[in-house]
Amino acid sequence: MKALLIAFALFCSLGAGAQTKLADGTWQDLGLELGLRAEAIRESGVLRLCVAKEGQCIENLTLGFMVRVYDKAGKEIWNSLWTGRTLDLKFKRPLPEAQKVWVEATSPNVVNKLSGTRIATGKPLKLEFTVE
8 MKALLIAFAL
18 FCSLGAGAQT
28 KLADGTWQDL
38 GLELGLRAEA
48 IRESGVLRLC
58 VAKEGQCIEN
68 LTLGFMVRVY
78 DKAGKEIWNS
88 LWTGRTLDLK
98 FKRPLPEAQK
108 VWVEATSPNV
118 VNKLSGTRIA
128 TGKPLKLEFT
138 VE
């Protein structure tokens with residue numbers, strides 16, 4: 008009986024901090040963020056993103072987004088709109104002059120790729136980083 012109670016408590020704790028179902032039937036998770044999985048923009052034009060929570064990528068979530076790349080002087084050298092079909096980006100060419108990257112979701116939602124369910128994030132997710 009004690010083992011069953013511990014298992015139940017553990018199961019309940021796994022759902023803590025997960026998505027919340029709102030009164031109107033929609034889902035919301037205000038703890039989601041854009042994560043950087045890998046970056047090789049200067050060398051090969053590759054950028055790998057993910058939707059993450061507490062630093063852990065969630066593979067079945069996606070979103071549409073805009074990418075802007077800036078050089079050392081702050082001049083925009085690339086911008087593109089991505090549908091979110093994949094979060095593994097390959098630019099047409101490497102960008103050796105890249106200094107700063109700015110990524111912003113096109114809406115305040117992510118989509119579960121398995122179920123098609125929209126999950127509200129409260130605001131469009133953003134990621135900004137300096138290329139090393």
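Residues in the sequence shown are numbered from 8 upward in steps of one, following the numbering used here.
The beta carbon of each residue, even a glycine, is placed where N, CA and C say it ideally should be.
What you are looking at is a predicted structure, and each value in this text was computed from that prediction instead of being measured.
Assigned secondary structure, residue i (DSSP; H/G/I helix, E/B strand, else coil)
i	result
Arg-49	helix
Lys-107	strand
Val-138	coil
Ser-114	coil
Gly-123	coil
Phe-98	coil
Leu-17	The pLDDT assigned to Leu-17 is 37, lower than 50, so where the model puts this residue is not dependable; a value taken from the coordinates is nonetheless given after this. Helix.
Gly-81	coil
Glu-66	coil
Glu-61	coil
Gly-42	strand
Asp-36	coil
Lys-130	coil
Assumed close pair residue i, residue j - CB separation to whole angstroms, cut-off 8 angstroms
i	j	result
Val-76	Trp-89	Val-76 to Trp-89, Cβ: 13 angstroms. No contact.
Asp-78	Ala-59	At roughly 27 angstroms, the Cβ-Cβ gap does not stay under 8 angstroms, so Asp-78 and Ala-59 are not in contact.
Lys-133	Val-117	Contact flag wrong, Cβ pair sits at about 13 angstroms.
Gly-42	Cys-57	5 angstroms
Val-53	Lys-107	So it is not a contact: roughly 17 angstroms between Cβ atoms.
Leu-121	Asn-67	5 angstroms
Neighbour-count burial assignment, residue i, 16 or more Cβ in a 10 Å radius
i	result
Leu-94	buried
Thr-137	exposed
Thr-69	buried
Ala-112	buried
Option nearest residue i by Cα separation, candidates the options
i	options	result
Arg-125	Gly-71, Gly-81 and Ser-87	Gly-71
Leu-102	Cys-64, Pro-131 and Glu-50	Glu-50
CB contact check: residue i to chain D, cutoff 7 angstroms
i	result
Glu-40	In summary, chain D is missing from the structure at hand, where a single protein chain is found.
Cross-strand partners of residue i (DSSP beta bridge)
i	result
Ala-30	Per DSSP, none; premise fails for Ala-30.
Arg-92	BP columns for Arg-92 are empty, so no partner.
Near the ligand NAD: residue i beta-carbon under 6 angstroms from a heavy atom
i	result
Val-53	Among the components of this structure there are no ligands whatsoever, and the ligand NAD is therefore not found.
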